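Numbering (the working numbering), first residue to last: 39 to 586. For reference, the structure discussed in these notes is given below.
And the structure:
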């Protein structure tokens, strides 16, 4: 873990040199700073010389290339929160805990440079004058990217166009490097106001893994904090978007819309709507997409929130339950998911990895058999007409009595679910007797039945509704309408995800599901290794791998 929670990196080299050096500088700083790493660009400043006031670098192509290189370098250091400051004027949202400069930009004795760093940070950003100041060596391995000469077809002295009011739109989920470059370009183009539309509601429905998209309020708050840090002199209007156009087609003060290569056609559609509304067209300023060199086979080639959400699959999204009444061994995973989610295939993979599988559906059938714990109470509650000639319970007849009747359904589940829970506990004890470290309770109604109290972690399998419908129709022979009705009667993916520690998705090829499950299993083993056992030692764990 880096020693400092946040930091301010001051770079004074000419802007054309930064693309070549960005990766090395960011790598060196990332080794020291865990949280926000602010970057102050002031080409030509002599930190060891007389005190000088802040001066923002010229807003031109060289600055955009430097920003692109810095944010691309930060994207390679997953989790690094880089914020390149485009104008001083306020205290930063997260107070820097260390001041940094590149040793190559500050020849001579370090003391005057460190003093210059402290003076600059105190004068410009209100930092305490006694913050530690360090000089960075650069990671030479990172000095291979970018072209210090820039694009020979562009005028090095060219300036970006300026507009009073600028608009931009996006999902802005887990603010990544491409978002930051896009927003920085907006800040450079705008002189007075930036209108940022944040996709919400129906616009999220067809996104990849929409259940993992951060809530609108959180995305908007992160967006505002970033923008107000980067350029505090602008006015920021951050609004939810319920349709692809939003206020961009009705705001008469807007002059420019910032787009990417893939949203340029959407910008043209905005202009057509503005003309229909009697408003002038907006200038469309296009930013290039940032490539993601680490994308996997089923991810986009560009840096995208969709890829970041896919990388969350199998990881721990919230801390496990801590219940002193729940023994750490065996460690119980509650695996749930809607019809067609692929939950059963995930359970099989976990069984192959060494988990003890408890099938709640099979236990559910067992409680109904004559002599089973729920048999007599169910017959007493619903009458002898639910019995077959051989005395067994006719599940279809019972289902007809409770279908669409919430009161009757609750009456049934109040009888059956506690009995299944008791059988689950017996199976957990069996697993413990066999020396199993991990149990998986495979239960579609895990959350509805309140069985999360019996498990340490909830793992949920999700699938888009359209794919679930396709699978149900193919597997069960239902009509599409009947399949949708079945899904709508169940808890939604979003409701399950909110209560889950780990989320998995079987949308892609089987080998992708195997990779997710293996990743989730390996991370689980790490968590178990860190947990003290009953005697103060970590429990034994398995290092099995999914068969291919």
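Yeah, the Cβ is synthetic: ideal placement off N, Cα and C, and Gly gets one too. Fair warning: this is a prediction, and the values are worked out from it, not measured in the lab.
> Going by other Cβ atoms of all chains shown within 10 Å of its Cβ, with 16 needed for buried, is residue 372 buried or exposed?
Replying inline: buried
> residue 102: which of 197, 294 and 147 sits nearest, CA to CA?
Replying inline: 197
>> With DSSP as the reference, identify every bridge partner of residue 498, one or two as the case may be.
In response: 374 and 541
>> DSSP has residue 321 in a bridge; who is on the other side?
In response: 294
>> Whole angstroms are fine: how far does the CA of residue 551 sit from the CA of residue 543?
In response: 7 Å
> Using CA coordinates, which residue listed in 376, 565 and 532 is at the minimum distance from residue 507?
Replying inline: 376
> Out of 251, 266, 277 and 268, which has the shortest C-alpha to C-alpha gap to residue 258?
Replying inline: 277
> Do residue 244 and residue 366 have their C-beta atoms within less than 9 Å of each other?
Replying inline: no
>> Which residues does DSSP list as the beta-bridge partners of residue 329?
In response: 340
>> Which residue wins for smallest C-alpha separation from residue 229, given the options 304, 525, 272 and 474?
In response: Of 304, 525, 272 and 474, the smallest CA-CA separation from residue 229 is found for 272.
>> Just to confirm my understanding: we take residue 246, look at its own chain, exclude 5 residues before and 5 after, and list those with CB closer than 8 Å. What are they?
In response: 344, 347 and 348
>> In whole angstroms, give me the CA-to-CA distance for residue 523 and residue 291.
In response: 47 Å
>> Going by beta-carbon coordinates alone, are residue 554 and residue 402 separated by less than 9 Å?
In response: No, the Cβ-Cβ distance between residue 554 and residue 402 is not below 9 Å.
> Going by C-alpha distance, which of 110, 56 and 87 is nearest residue 100?
Replying inline: Of the residues 110, 56 and 87, the one whose Cα lies closest to the Cα of residue 100 is 56.
> Any idea if residue 575 is buried or exposed, counting beta-carbon neighbours within 10 angstroms, 16 or more meaning buried?
Replying inline: Note that residue 575 scores 47 on pLDDT, short of 50, meaning its location in the model is unreliable; the coordinates nonetheless yield the value given after this. So residue 575 ends up on the exposed side.
>> I need the straight-line Cα distance from residue 130 to residue 163, nearest angstrom please.
In response: 6 Å
> Does the segment 83 to 96 come within contact of the segment 106 to 115, defined as at least 3 CB pairs closer than 8 Å?
Replying inline: no
>> Using the Cβ count rule (16 or more neighbours within 10 Å means buried), how would you classify residue 44?
In response: buried
>> Using 8 Å for Cβ pairs, my map puts residue 326 next to residue 306. What's the rounded Cβ distance?
In response: About 18 Å separates the two Cβ atoms, so there is no contact after all.
> For residue 220 versus residue 261, is the C-beta distance shorter than 9 Å?
Replying inline: Using a Cβ distance threshold of 9 Å, residue 220 and residue 261 do not count as a contacting pair.
> What residues are listed by DSSP as bridge partners for residue 70?
Replying inline: Bridge partners of residue 70: none, in fact.
> Taking the alpha-carbon positions, what's the residue 387 to residue 478 distance?
Replying inline: 11 Å
> Smallest Cα separation from residue 480: which of 207, 384 and 511?
Replying inline: 384
> Considering only residues of the same chain and omitting the five flanking positions on each side of residue 106, which have a CB-CB separation below 6 Å?
Replying inline: 219
>> So, under 8 Å CB-CB, residue 296 and residue 227 are touching, yes? Tell me the CB distance rounded to an integer number of Å.
In response: Confirmed, about 7 Å.
> What residue does the alpha helix (DSSP H) around residue 560 start on, and which one ends it?
Replying inline: Its alpha helix (DSSP H) spans residues 548 to 568.
> If you draw a straight line from the alpha carbon of residue 232 to that of residue 59, how long is it in whole angstroms?
Replying inline: Spanning the two alpha carbons is a distance of roughly 31 Å.
> Is residue 330 buried or exposed, if buried means 16 or more other CB atoms sit within 10 Å of its CB?
Replying inline: Burial call: buried.
>> Applying the 10 Å Cβ sphere with the 16-neighbour rule, what's the burial state of residue 472?
In response: exposed
> Do you know whose CA, among 414, 439, 437 and 441, lies nearest residue 429's CA?
Replying inline: 414
>> Using a 10 Å radius around the Cβ and a threshold of 16 neighbouring Cβ atoms, would you call residue 301 buried or exposed?
In response: buried
> Can you check whether the CB of residue 357 is closer than 9 Å to the CB of residue 532?
Replying inline: No, the pair does not count as a contact, with Cβ atoms beyond the cut-off.
> Buried or exposed: which applies to residue 48, given that a residue is buried once 16 or more other Cβ atoms fall within 10 Å of its Cβ?
Replying inline: buried
>> On the CB-based measure, 16 or more other CB atoms within 10 Å of its CB, does residue 568 come out buried or exposed?
In response: With fewer than 16 other Cβ atoms within 10 Å, it is exposed.
>> My output table needs one value for residue 165: the three-state DSSP class, helix, strand or coil.
In response: coil
>> Taking the straight line between their C-alpha atoms, what separation do you get for residue 573 and residue 421?
In response: The predicted position of residue 573 is uncertain, since its pLDDT is 48 and thus under 50; no value can be drawn from it.
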